Amino acid sequence: MKDRRFEGYLLVTDMDGTLLDSAKQISGENRAAIERFTSLGGRFTLATGRIAGSVRPFVEQLPVNAPAILYNGAVIHDFSRGEAIWERTLSASAKEAVGRVLERFPGIGAELYVRGGVAPYVLQENETTERHRAVEKFPLLRLNSYDDVSEPWIKLLFAWEPSLLDEAVPEIVRLTAGTEVDWVRSDDKYFEMLAPEATKGHALERLAAELGIPMERCIALGDHLNDLEMIRRAGIGIAVANAHLELLDAAKRHGKHHNEHAIADVIEWLEEQVRQGTLA
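What the sequence shown shows, in my numbering, is residues -9 to 270, in sequence order.
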């Protein structure tokens, strides 16, 4: 009889700072462990702030067998079907709020992500958005006015050097008070505007329900504040060693550094729990 020890379990990992090493690569150790996990019946997928086009090259390297969480939880995308199966979009009130922020901070970078977009529109560019575009290999799509965009907004990413962003965040929140949005610090350099309840945690609950997997059998890994709701809601929430302190405090378990094959380490730990009969 075939070994299906991980049937009924869902393993979800963040990408940057968790699955990927500092060179933005998937280690052979991580890849082999994920292949072993899925061959034993487990469901595996990704949860990231990235868009579909940026994630697809990594999906092609891995046995992803469940829809992925994109845009930090605003979209669930099924790569096997090539389409989004669930999304949360920003309300019209977000447009006015963004205008106030850009007027107040002319040096801040701003990227607009819309439904079905192959890359974000650059509303305001700086060195941080230039580096972001280089890392994710986005084409440059400039936008003179966001009124020119008819597609629903998925998210707005503000980008700046960490010290400047630290100073700006309280004022950004004040300028957008009363707007139907949630905020997440997805990186030291990024502050993102999303629809209410568009978090990786809410998306994980939705995905688990679609797959018929109870939350206590969901294992989630992450490193930054955009992973916090996912880590809190998963049955086994794991923060990698390089994670933000708040994530380390919230996690049920701490894993290895993202440069030390953190996913392989977790799968080995899960296998040991199965052997001991202690996995829920």
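We put the beta carbon where it would ideally sit given N, CA and C, even for glycine.
If you're wondering where the values come from, they're calculated on a predicted model, not measured in any experiment.
| request: Could you have a look at R196 and say whether DSSP puts it in helix, strand or coil? | output: helix
| said: Among the candidates E115, K85, V65 and A158, whose CA atom is the shortest distance from the CA of G106? | reply: V65
| Between which two residues does the beta strand (DSSP E) carrying F48 extend? | From DSSP, F48 is part of no beta strand (DSSP E) but of the alpha helix (DSSP H) over A42 to V49.
| Cβ pair A231, H244 closer than 8 Å | yes
| query | Given a threshold of 16 other Cβ atoms within 10 Å of its Cβ, counted over all protein chains shown, does K190 qualify as buried or as exposed? | reply | buried
| request: Select from E200, I98 and S29 the residue whose C-alpha is nearest the C-alpha of E161. | output: I98
| Tell me, which residues are paired with T3 by DSSP? | L36 and L211
| request: In the DSSP assignment, find the beta strand (DSSP E) that holds I221 and state where it starts and stops. | output: Here I221 belongs to no beta strand (DSSP E); instead the alpha helix (DSSP H) covers L218 to R223.
| message | At the level of alpha carbons, what is the spacing between K145 and Q266? | response | 44 Å
| query | Touching or not, the stretch 27 to 40 and the stretch -5 to 2, by the rule of three or more beta carbon pairs under 8 Å? | reply | yes
| query | Is it buried or exposed for E206, if we count other Cβ within 10 angstroms and need 16 for buried? | reply | exposed
| said: Check whether the stretch 127 to 142 and the stretch 170 to 186 are in contact - that is, three or more C-beta pairs closer than 8 Å. | reply: no
| task | Alpha carbon to alpha carbon, how far is Y136 from V49? Give it in angstroms, no decimals. | result | 31 Å
| query | Any idea what DSSP makes of E170, helix, strand or coil? | reply | coil
| query | Given L80, which residues of its chain have a CB within under 6 Å of its CB, disregarding the five upstream and five downstream residues? | reply | W143 and A185
| What's the C-alpha gap between E157 and G72? | 40 Å
| task | Might you give, ordered along the chain, the residues of its own chain that have their beta carbon closer than 8 Å to the beta carbon of A241, omitting 5 neighbours on each side? | result | I221, G227, I228, A229 and A233
| Beta-carbon contacts of L147 that lie in its chain and below 6 Å, excluding the five residues immediately before and after | E101, Y180 and E182
| query | Could you check where the beta strand (DSSP E) with D137 kicks off and where it finishes? | reply | Where D137 is concerned, there is no enclosing beta strand (DSSP E), given that its DSSP letter is neither H nor E.
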